[in-house]
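K.L.:
I have a structure I would like to understand better, so I am pasting it below and will then ask my questions one at a time.
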Amino acid sequence: MPGCEEWLFPAPGATRRSRVRYLTAHYFSARVFREWVDGIPELLDDRLDDNGDQIPYRRSEIVAYGLRHAYAQRHADAGTAIDVLCKLMDHRSLDVTMGYYTVSQERRRKAVETVAVLAADRHGNPRGSNDPLAYELRSVAVPNGGCTEPSNVKAGGGHCRMRFQCAGCDFYEPDPSYRPALEQTIADLRADREAATAMGAADWVLANFEHQLEAYAKVLAEMDERLAGLSPQERDAVEAASKELRKVRASQAFFPGDTLDIRRAP
Ligand code: SF4
Numbered sequence: 014m015p016g017c018e019e020w021l022f023p024a025p026g027a028t029r030r031s032r033v034r035y036l037t038a039h040y041f042s043a044r045v046f047r048e049w050v051d052g053i054p055e056l057l058d059d060r061l062d063d064n065g066d067q068i069p070y071r072r073s074e075i076v077a078y079g080l081r082h083a084y085a086q087r088h089a090d091a092g093t094a095i096d097v098l099c100k101l102m103d104h105r106s107l108d109v110t111m112g113y114y115t116v117s118q119e120r121r122r123k124a125v126e127t128v129a130v131l132a133a134d135r136h137g138n139p140r141g142s143n144d145p146l147a148y149e150l151r152s153v154a155v156p157n158g159g160c161t162e163p164s165n166v167k168a169g170g171g172h173c174r175m176r177f178q179c180a181g182c183d184f185y186e187p188d189p190s191y192r193p194a195l196e197q198t199i200a201d202l203r204a205d206r207e208a209a210t211a212m213g214a215a216d217w218v219l220a221n222f223e224h225q226l227e228a229y230a231k232v233l234a235e236m237d238e239r240l241a242g243l244s245p246q247e248r249d250a251v252e253a254a255s256k257e258l259r260k261v262r263a264s265q266a267f268f269p270g271d272t273l274d275i276r277r278a279p
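If you're matching positions, the sequence shown starts at 14 in this note's numbering and goes up one per residue.
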């Protein structure tokens with residue numbers, strides 16, 4: 014539209030008049046967003062009132078900033094690396110982004126307790142522990158699960174002689190908090206296998222992709238089977254605990270002192 018080229022979101026005005034201003038955040042939140050919220054026929058919370066009915070949201074409490082906050086929190090819950098989220102949010106300091114990753118020691122301890130009982134080996138055999146402290150001491154977090162290989166545990170997870178091909182390793186102990194990472198690894202392996210095929214890679218290279226894909230898919234299937242055996246309430250608790258632990262792990266790369274060491278828990 015003539016006169017609007019300068020702005021991605023021009024301010025509303027007469028269509029024939031040249032627009033010289035952009036849409037302000039205030040106009041968006043006070044008018045555009047408010048009209049959109051008010052136009053939604055029904056907005057119900059998950060919480061229930063004394064009669065068991067869902068409670069309507071207070072529309073005045075739904076603000077545009079909430080979308081930004083929810084976006085950031087979902088990334089943090091999913092384990093997005095803190096430096097990546099910092100860039101996505103355009104924060105000037107990691108300290109600001111860190112607010113989305115903050116988990117108290119007590120919540121960490123409870124989260125470990127919840128998922129530790131569901132740990133398994135690469136074949137799906139239970140390796141769960143009722144002792145969260147013992148669970149933490151015997152393993153270190155690597156990209157797709159816990160690693161119990163002593164030299165790697167000692168090195169904080171950065172010393173793997175098998176190049177982190179964990180699904181083929183007997184020291185591998187994934188718990189449900191690693192489920193999104195497993196899904197991502199499987200998707201990445203598929204994409205890399207296709208690329209390697211297109212590049213005419215040697216058969217042994219493609220075979221390695223196939224074996225890893227098969228092994229990780231089996232780990233994921235076994236994990237899903239264990240989760241399917243839980244009640245909906247138990248699954249919700251596991252998911253909530255998993256989010257907490259992913260947040261902690263995502264922040265560790267940049268805040269090494271902020272470890273998942275539950276020995277410091279009160
Ligand atoms: S491949 Fe084995 S030793 Fe290496 S990180 Fe994975 S579980 Fe640990």
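All C-beta atoms, glycine included, are put in the ideal place defined by N, C-alpha and C.
Given this structure, state the Cα-to-Cα distance separating Leu21 from Tyr40, to the nearest angstrom.
P.N.:
In the sequence shown, residue 21 corresponds to position 8, counting from 1. In the sequence shown, residue 40 corresponds to position 27, counting from 1. Going by the C-alpha atoms only, they are around 15 Å apart.
K.L.:
Whole angstroms are fine: how far does the CA of Cys99 sit from the CA of Val251?
P.N.:
Here the question's residue 251 lines up with position 238 in the sequence shown. Here the question's residue 99 lines up with position 86 in the sequence shown. Cα to Cα, the separation comes out at about 27 Å.
K.L.:
Excluding five sequence neighbours on each side, which residues of the same chain lie with their C-beta closer than 6 Å to the C-beta of Glu162?
P.N.:
Counted from its first residue, the sequence shown places residue 162 at position 149. Correct list, in chain order: Phe184.
K.L.:
From the DSSP output, read off the bridge partner residues of Glu186.
P.N.:
Here residue 186 refers to the residue found at position 173 when the sequence shown is read from its first residue. Answer is Gly159.
K.L.:
In the DSSP output, what is Tyr35 paired with across the bridge?
P.N.:
For the purposes of this step, residue 35 is identified with residue 22 of the sequence shown, where counting begins at 1. Answer is Pro23, bridged to Tyr35.
K.L.:
Buried or exposed: Met236, going by 16 or more other Cβ atoms within 10 Å of its Cβ?
P.N.:
Taking the sequence shown and counting its residues from 1, the one referred to as residue 236 is at position 223. Classification of Met236: buried, given that the 10 Å Cβ count is 16 or more.
K.L.:
Could you spell out where the alpha helix (DSSP H) holding Arg259 opens and where it closes?
P.N.:
In the sequence shown, residue 259 corresponds to position 246, counting from 1. Here the alpha helix (DSSP H) through Arg259 covers Pro245 to Gln265.
K.L.:
I need the boundaries of the alpha helix (DSSP H) containing Gln225, first residue and last residue.
P.N.:
Sequence index remark: in the sequence shown, residue 225 carries index 212 (1-based). Asp216 to Ala241 is the span of the alpha helix (DSSP H), which, as asked, contains Gln225.
K.L.:
Using the DSSP secondary-structure output, state which residues sit across from Ala133 in a beta bridge.
P.N.:
Sequence index remark: in the sequence shown, residue 133 carries index 120 (1-based). BP columns for Ala133 point to Pro139.
K.L.:
Using only the heavy atoms of the ligand SF4, determine whether one of them is closer than 7 Å to the beta carbon of Glu162.
P.N.:
On the sequence shown, position 149 is the one that residue 162 refers to. Yes, the beta carbon of Glu162 sits closer than 7 Å to at least one heavy atom of the ligand SF4.
K.L.:
Can you say whether Ala124 is buried or exposed, counting buried as having 16 or more other CB atoms within 10 angstroms of its CB?
P.N.:
Indexing the sequence shown from 1 puts residue 124 at position 111. Buried.
K.L.:
Quick one: what's got a C-beta closer than 6 Å to His88's C-beta in the same chain, skipping five residues either side?
P.N.:
Within the sequence shown, residue 88 is the residue found at index 75, counting from 1. Same-chain partners within the cutoff: Leu98.
K.L.:
Quick one: what's got a C-beta closer than 7 Å to Ser152's C-beta in the same chain, skipping five residues either side?
P.N.:
For the purposes of this step, residue 152 is taken as residue 139 along the sequence shown, with counting starting at 1. Cβ neighbours of Ser152 beyond the five flanking positions: Gly159, Cys160, Thr161, Val166 and Glu186.
K.L.:
Using DSSP with H/G/I as helix, E/B as strand and the rest coil, what is Arg120?
P.N.:
As a position in the sequence shown, residue 120 is number 107, starting the count at 1. Of the three classes helix, strand and coil, the one that applies to Arg120 here is helix, per DSSP.
K.L.:
When you compare only the Cα positions, how much space is there between Leu131 and Met111?
P.N.:
One-based indexing of the sequence shown puts residue 131 at position 118. One-based indexing of the sequence shown puts residue 111 at position 98. Approximately 28 Å between the Cα atoms of the pair.
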